[in-house]
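Single-structure report; data block below.
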Amino acid sequence: MKHDCILLLMSIIAWQYSFAQNTSKRIAFSPSSYTNAFTLNAKPVLYINSGDTVETETIDATGRDKNGVKIQKGGNPLTGPFYINNATPGNVLKITLKKISLNRNYAIHSQSFGSRALPDSISKKFKKFTNVKWRLDLQNGLASIDSSPIPYPNLPNFKIPVDPFLGCIGVAPANKKNEILSFFQGEFGGNLDFSAMRESSVLYLPVFHEGAYFYIGDGHALQGDGELAGNALETSLDVTFVVELINDPSFQIKYPRAEDSIYLMAMGMEKSIDKALKMATSGLLAWLQEKYHLSLEEATQVMGPCIEYTIAEIADPHVNVVAKIKKSILARIHN
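For the sequence shown, my numbering gives the first residue as 31, with consecutive numbering after it.
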């Protein structure tokens, strides 16, 4: 009898999983409105279930769409919020970026250097904010400077491969009354400006409210680490993503985490690089201890020789430092 009950329970679980998989939808969503803040106060643009795939688009940081038409005020306008059915505080939202592609033939970049990365004697030479237009070759995946308005005589044939990604990915922040402008980032995600948020990457975000209120935006054709010039190659994007809810007491996060085919990554965002680095390192340490059941002493032997860091963002009020470690290294733990 006990054996039969176990078999019945397993069958029910398998049926529920199969039902959930079969009821997941693929939804094409064309946005007609945008918001410039991560907030709980915006009306959801779409209600989706865990496991659904959404095909949508973003406009650029200045509010221009894929046709170059200005349809929203600048300042990283966001597509969303997407209301995730059954999302509750304490859940983790897993976002898989299935496809990210360019959908227009130009981007805008600034002619400047950020003050955090260089002496004032250099950065203050760029007092006037100057935009530089870049051509995007969609067929060959290359970006080149459109030097007609601003000549760059030493860069006539300068072409670089594009690597499109989302600058902004986040949920409504913890404080219900708090509307955080899309320039900023924090525990809710936000303006991460982390170039690893490209196609096939996965981002994990804590959920603070029912429905999560998920947003994306700030498309980039390419960006170096730190967003040194104050912005990236700013453009519009076509984006396909999948959201999944994780309700597992053993997987609780305080700050964004990410992974791709090569790395596990934890982010730290603070006003100074040293504080952000400590936060990122603490996040990665916690993840390794949870996932691999490492003692603190064991973690010193794994992280010490193998940890890597990326300064993802220095242009914004908060710095984003990413601590990461290769999955190929972690695979050796239990070998």
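Idealized CB from N, CA, C, for every residue including glycine.
* Asked: Under three-state DSSP, which class holds Glu-320?
  -> helix
* Measure the beta-carbon distance from Glu-264 to His-139 and round it to whole angstroms, keeping in mind my assumption that it falls under 8 Å. => 7 Å
* To do: Can you check the stretch 264-316 for any beta strand (DSSP E) of at least 3 residues that lies completely inside it and give the ranges in chain order?
  => 267-276, 287-289 and 293-300
* **DSSP beta-bridge partners of Gln-368** => Only positions 31 to 365 of the chain appear in the structure, and residue 368 is not among them; the question remains open.
* Asked: Is Glu-330 helix, strand or coil when you go by DSSP?
  -> Looking at the sequence provided, one finds Thr at residue 330 rather than Glu. Helix, per DSSP.
* With DSSP as the reference, please indicate the residues paired to Phe-68 in a beta bridge. => Ile-210
* Is DSSP giving Ala-96 helix, strand or coil here? -> At residue 96 the sequence reads Lys, which differs from the Ala that was named. Coil.
* Pro-191: which of Lys-207, Leu-172 and Gly-104 sits nearest, CA to CA? -> Leu-172
* Can you give me the start and stop residues for the alpha helix (DSSP H) that Lys-189 sits inside? => Premise fails: Lys-189 lies in the beta strand (DSSP E), 189-191, not in any alpha helix (DSSP H).
* Specify, as a first and last residue, the run of the alpha helix (DSSP H) that Ile-152 falls within. => 150-153
* To do: Have a look at the DSSP bridge pairing and note the partners of Cys-198.
  => Asn-221 and Gly-247
* Asked: Helix, strand or coil: how does DSSP classify Ile-355 here?
  -> strand
* Asked: Is the stretch 107-124 touching the stretch 238-258 in the sense that three or more CB pairs, one from each, lie closer than 8 Å?
  -> Short answer: they touch.
* Have a look at Lys-315 and Lys-129 and give me their C-alpha separation to the nearest angstrom. => Sequence inspection shows Leu at residue 315; the Lys mentioned does not correspond to that position. Spanning the two alpha carbons is a distance of roughly 30 Å.
* Cut-off 8 Å between Cβ atoms - residues of its own chain near Thr-83, not counting five sequence neighbours on either side -> Ser-54, Lys-55, Arg-56, Ile-57, Lys-128, Thr-270, Phe-271 and Val-272
* Below 8 Å on the Cβ atoms is my guess for Leu-360 versus Ala-202; work out the distance and round it to an integer in Å. => The pair is not a contact, with the Cβ atoms about 32 Å apart (cut-off 8 Å).
* Cutoff 7 Å; reference Leu-275; Cβ partners in own chain excluding five residues on either side -> Ser-80, Ile-114, Asn-116, Ala-117, Asn-121 and Leu-123
* Tell me, to the nearest whole angstrom, how far the beta carbon of Leu-233 is from that of Met-227; I am working on the premise that it is less than 8 Å. => With 8 Å as the limit, Leu-233 and Met-227 qualify as a contact, their Cβ atoms being about 6 Å apart.
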